[in-house]
Amino acid sequence: MAGHRRASKKKKFDSISVQPESSDSDIEIQGVRTLTPEEIMKRANSQNDEVCQKIRDEYRNLQTAIQEQADEAGSGHIDLENIKMYVFQANSVFASVKRPREAVMDAQLLRTCGALAKCNIEAAQSGMSVFRPGEFAQKLINFISPDTEEEELTTELNERAWIRLGEEASPFYCRTVGVEPLYSALEWERPQPAATKQPRKQLDKEVGKKRKPEKTGQFR
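Note that the sequence shown covers residues 595 to 814 in our numbering.
In structure tokens, the structure reads:
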């Protein structure tokens, strides 16, 4: 009977396993082992890399779409509404940017959109009248010079033509106020020196000399 009890106790102790002490980095909850801080950071970095790669792909797709439209337009111009749409898409992607590399791609995309918008504005204003000095000079030569070589040899430019030339060219020059020459020196007065105070002793001597009586006849 005693031997049976000892055998049962021995089996009971054999079934109990000693669990190792848990450290701060390894935590065991209900038999499920959690990740260490290093593993958590590694997984977070891998997830961030995937997100950043996705953001870069979106920026590349936008850049490719803009370049294709610019090539199709050729010498023309891209519609401003399309440029505006690309800028809005870039703004939505930029909300997820957290690294400098993706921020640089966003800046490059905005720079491309700005250059296309500038070209669009310049193309729209190409039909406006702009003063071109070379064209004006050629028209001026054609206006003044005679029509034929014979007239060039026989005809001289009269006074009326010079007056007409001045009237036509005057709107292209800013009017300035005339300046009259000065043939003499500027009039100015020499400044008077300030009066200096004389010493007291010198003043007393001068007063004494003035009050000294003249010598008269002898007293009787």
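C-beta atoms are modelled at their ideal positions from N, C-alpha and C, and glycine is treated no differently.
- prompt: If you compare alpha carbons, which of Met679, Asn676, Gln683 is closest to Leu649?
  reply: Here residue 649 is Ile; the residue named in the question, Leu, does not match the sequence. Of the listed residues, the one whose Cα sits closest to Ile649 is Gln683.
message: Can you tell me whether Val698 is buried or exposed? The criterion is at least 16 other CB atoms within 10 Å of its CB, across all chains shown.
response: Its Cβ having fewer than 16 others within 10 Å, Val698 is exposed.
Presumed contact (8 Å Cβ cut-off) between Glu662 and Val687, rounded CB distance: The pair is not a contact, with the Cβ atoms about 18 Å apart (cut-off 8 Å).
task: Evaluate the contact criterion for the region 730-738 versus the region 750-764: three or more CB pairs, one atom per stretch, below 8 Å.
output: yes
query: Taking the C-alpha atoms as reference points, what is the distance between Ala577 and Leu759?
result: Here the chain has residues from 595 to 814 only, and residue 577 is not among them.
message: Within a Cβ cutoff of 6 Å, which residues of the same chain sit near Met679, ignoring the five residues on either side of it in sequence?
response: none
message: If contacts are defined as beta-carbon pairs under 8 Å, then Ile677 and Leu704 qualify, I think. What distance do you get, rounded to the angstrom?
response: In fact, because the Cβ distance is near 10 Å, the residues do not count as touching under 8 Å.
- request: Using 10 angstroms around the beta-carbon of Ile738, count the other beta-carbons present and answer buried if the total reaches 16, otherwise exposed.
  value: exposed
field: Minimum C-alpha distance to Asp643 - residue among Glu666, Asp673, Arg695, Asn685
entry: Arg695
query: Would Leu674 be called buried (16 or more neighbouring beta carbons within 10 Å of its own) or exposed?
result: exposed
Ranges of the alpha helix (DSSP H) found wholly within the region 635-702, counting only runs of at least 4: 674-688
message: Please list the terminal residues of the continuous alpha helix (DSSP H) segment that includes Glu729.
response: 727-738
field: CA nearest to the CA of Thr706, picked from Ala789, Tyr767, Gln657
entry: Gln657
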